[in-house]
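A short write-up of the structure that comes next.
Number of protein chains: 2
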Amino acid sequence: MKNLTREHFLALDQTDPLVAYREQFQLPAGMIYLDGNSLGPLPKATIGRLANVAQQEWGEWLITSWNKAGWMDMPTRLGDKIGQLIGAAAGQVIVADSTSINVYKTLAAALAMNPDKHVILSTHDNFPTDLYMAQGLIDQLGGKHSLKLVDGEAIAEHLNDDVAVLTLTHVNYKTGRKYDMAGLTAKAHDCGALTMWDLAHSAGALTVQLDACMVDFAVGCGYKYLNGGPGAPAFLYVANRHQANFSQPLSGWLGHANPFAFDWKYEPAEGIARYMCGTPPVLSMSALECGVDMMIAADIDAIREKSLHLTDLFIAAVEQLCEDHPLRLATPRDRNIRGSQVSFHHPEGYAIMQALIANQVVGDFRAPDIIRFGFTPLYTRYTDIWDAAVILKHILDTKAWDRPEWKQRKKVT
Amino acid sequence: MKNLTREHFLALDQTDPLVAYREQFQLPAGMIYLDGNSLGPLPKATIGRLANVAQQEWGEWLITSWNKAGWMDMPTRLGDKIGQLIGAAAGQVIVADSTSINVYKTLAAALAMNPDKHVILSTHDNFPTDLYMAQGLIDQLGGKHSLKLVDGEAIAEHLNDDVAVLTLTHVNYKTGRKYDMAGLTAKAHDCGALTMWDLAHSAGALTVQLDACMVDFAVGCGYKYLNGGPGAPAFLYVANRHQANFSQPLSGWLGHANPFAFDWKYEPAEGIARYMCGTPPVLSMSALECGVDMMIAADIDAIREKSLHLTDLFIAAVEQLCEDHPLRLATPRDRNIRGSQVSFHHPEGYAIMQALIANQVVGDFRAPDIIRFGFTPLYTRYTDIWDAAVILKHILDTKAWDRPEWKQRKKVT
């Protein structure tokens, strides 16, 4: 792919089978939004849904909505919908709490199911909250477990009889590197280890087959590719074969076998409902349902195909246009091990991303030196990525990033 | 108080200093809503706020809203506002997760701070999720702790040197009995125990003085008297004097000292921010802020005064009108130990509550035989409670509750 021009990208837009979905989002005029892997944009349907949940279900029906509007069943109903996006048959996914909390629940269950082994195996560059929750859990359990962090390329060789649970983020948040879920899960099982996969950068972005891969536990995020809104509730998965005997350390009343008996003694609910804890956040969960419904309507295979095309082309365009600059690809060039993002290292990455944002190209920065671009086929056009590459070239050529106020890093997510 | 008539209640409405607040809620026409202690109704301001958060902050500003719209600071900003309602100086309250999760965090911290003692003391009839979370925590910690449940009247005599933490719900959810926060906290401290108070039925309902009572930890609910919406985020409190050394078992990335450094190793944030875990649920939290803002604008002492008047009068009206029926008051007759609800035992409680709801008087049922009515001075009129008592009398006199479909209990919260 050399000598790419804007016409090439324009032609691809004209034959894009997903083109109609862009109209279903409210996107700021003139902005090229390549940060849907941090916060997905607002589906237009969500506006009406939120108004209805507030005014009709909450305002008019009040507590009767727990039954009448299906609030009480939302965690499992919405979980089953998400299950369709991640290759999970019904009854194995629930929406509850945050990704962090769900990491804690699932790792705690996995350790309890594997009491003779004491290592949680993960990678140095796993998303920090997964590692932090593991550290908190290990402390709670009295320190007899340990967290072993290895290089992503070396996971297989560290899978041995000591490992209780292998936990990985399926697609690395910084680099976009995708791990071999089927292969690593099988290897873990060969050693007697369980697996817990974090799908934060996978669900809604690419094909995931939890059941077929024989995954044990999984968690994921509602506010990235699922477009569920800022801080949307998270989800988790427990394979059917474990549902008779997994434990729930955060044993709240809505995970009780009979919460409205108000008994003093905890008795876990059957199946995945055990992973409920407190009262579900109805407003946030309703918004998430709108994002999930749209994802289900679209064809995930078509999404993946366009995503790979977008990431291939963005890499090619940036490398063609910016070849004189010290950009170094952080994302796998091999599309088979790539998620739905493209990241580059650059020593001035933070300032460059600020300049891009000032020019309406919104990606984000990840320490120490990564500029990160997420590709979301439902609303990202081929011409958007060409235009983004041209703007990046201009910023690099003119050193537009070299401003004192951009030397100071601010909080972003 | 004998020979009450509707005129008496009408006169009280005409001089009620809080009368203007009722207009700030969207209340279903014709309904007498006495269930604000289960789910507070919709503040009208919340409708516009939710639309703005979705369309402007999320839809237009997208990720920049983490700074620009103050999303990142919401947990502490809103925490400080709630602090004003519960007698907590700034920097001690945060909004995060659910009440259940916050029970776990605070009990875990209390046990870690009191390593030589191994009893969690509470009451048999504490709200079940508080007890369930304690049981889950004890299991996680390997079983060296125990949960001791005693009768509410006998708490003081069970406070001894074995007790690591005393945990009580300030106002009992079934009976409305209010415990002596200052006295029991002082007695707990005398024994070397810490305290964790659940304010689910106190915050926004009556005067609470956490700092003055020397409370150690507290948690509370956003969707009851704070009118934050179904499943609203919860809050928690840690006294300043403990903030240098409390632990956070659910050590998520937003409780890290520097979350955006993305370091692999957990380092707790200073102070109350440590109790953050995952990404805050912005939509739900924005709705909660509307409810809290209204509560702050009203005078909590005026709220308490009207609440006591409402509960005194409801007891009197029901006892006057329904004296021939087997209703037995479950709530303290002594207003000094009463929260903001009135509960009665009746063998047919479930069916009676269904009949009341069918007649637009909405309270709720709590097993095994309690009908429960919550009193919320910002929107409950004196005439409402007279009318509710008259309707209750009619249902009892005519046995309108005696229908087969009301023998079958359904899920309610």
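Same order as they appear, the protein sequences are chains A and B.
Mapping of the first sequence onto the working numbering: residues 70 to 482, in sequence order.
Mapping of the second sequence onto the working numbering: residues 70 to 482, in sequence order.
Note that CB positions come from ideal geometry on N, CA and C, so glycine has one too.
Computed from a predicted structure; not experimentally measured.
Interface annotation for the region 322-343 of chain A against chain B: Trp322, His325, Phe329, Ala330, Phe331, Asp332, Trp333 and Tyr335, criterion Cβ-Cβ distance under 7 Å.
A Cβ of chain A is located within less than 8 Å of the beta carbon of Met202(B). Secondary structure of Gly443(B) (DSSP, three-state): strand. Interface criterion not met: the Cβ of Ile421(A) is under 8 Å from no Cβ in chain B. With fewer than 16 other CB atoms across the displayed protein chains lying within 10 angstroms of its CB, Gln278(A) is exposed. Contact annotation: in the region 122-135 of chain B, residues whose CB is within less than 9 Å of a CB in chain A are Val122, Ala123, Gln124, Glu126, Trp127, Gly128, Glu129, Trp130, Leu131, Ile132, Thr133, Ser134 and Trp135. Neighbours of Gly298(A) across chain B, judged by C-beta separation under 8 Å: Ala123, Trp127, Val351 and Leu352. For Val188(A), the enclosing beta strand (DSSP E) starts and ends at Val188 to Thr192. Neighbours of Ala120(B) in chain A, taken as residues whose beta carbon is under 8 Å from its own, are Ile116, Leu119 and Ala120 in chain order. Neighbours of Leu218(A) in chain B, taken as residues at a C-beta separation under 9 Å, are given in chain order as Trp333. Of all residues in the region 275-293 of chain B, those with a C-beta nearer than 9 Å to a C-beta of chain A are Cys290 and Tyr292, reading in chain order. Glu358(A) counts as buried, since at least 16 other C-beta atoms from the protein chains shown sit within 10 angstroms of its C-beta.
The beta-carbon of Gln95(B) is placed less than 8 Å from the nearest beta-carbon of chain A.
Interface with chain A (8 Å Cβ-Cβ cutoff): Arg246(B) is excluded.
In the three-state reduction of the DSSP assignment, Asp453(B) falls in the helix class. Excluding residues up to 5 positions away in sequence, Thr254 lie with their Cβ nearer than 6 Å to the Cβ of Met283(A) in the same chain. In this structure, the alpha-carbon of Ala225(A) lies about 41 Å from that of Leu352(B). Take the alpha-carbon of Ala342(B) and the one of Tyr173(B): they are about 16 Å apart. Approximately 5 Å separates the beta-carbon atoms of Phe444(B) and Ser376(B); this is inside 8 Å, confirming the contact.
In chain order, Leu216 place their CB closer than 7 Å to the CB of Gln204(A), counting only its own chain and leaving out the 5 sequence neighbours on each side. Considering only Asp82(A), Gly212(A) and Ala274(A), the residue with the shortest C-alpha distance to Ile365(A) is Ala274(A).
Residue pairing from DSSP places Asp267(B) in a beta bridge opposite Thr238(B) and Val288(B). When C-alpha distances from Leu465(A) are compared across Leu390(A), Arg402(A), Phe434(A) and Ser409(A), the shortest belongs to Leu390(A).
A direct Cα-to-Cα measurement between Asp438(B) and Leu461(B) gives close to 16 Å. DSSP, read as helix, strand or coil, puts Phe434(A) in strand.
According to the DSSP assignment, Gln410(A) belongs to the beta strand (DSSP E) that extends over Gln410 to His414. A Cβ of chain A is located within less than 8 Å of the beta carbon of Thr168(B). Not a single CB atom of chain A sits nearer than 8 Å to the CB of Ala424(B). Contacts with chain B at 8 Å (Cβ-Cβ) do not include Gln312(A). Straight-line spacing of the CA atoms in Ala308(B) and Gln161(B) works out to 6 Å. Within the model, the alpha-carbon separation for Thr244(A) versus Phe286(B) is close to 41 Å. Counting only Cβ-Cβ distances below 7 Å, Trp140(A) has contacts in chain B at Pro299, in chain order. Sequence-distant Cβ neighbours of Trp470(A) in its own chain, meaning closer than 8 Å and more than five residues away, are Glu417, Ala420, Ile421, Gln423, Ala424 and Ile464.
Short of 8 Å from the beta carbon of Gln410(B), and not among the five residues preceding or following it, lie these beta carbons of its own chain, in chain order: Asn106, Val240, Gly245, His270, Thr380, Thr400, Arg441, Phe442, Gly443 and Phe444. With distances taken between CA atoms, Ala158(A) lies nearest to Asp149(A) out of Ala165(A), Asp166(A) and Asp149(A).
Secondary structure note for Leu218(B): its beta strand (DSSP E) is the uninterrupted segment Ser215 to Val219.
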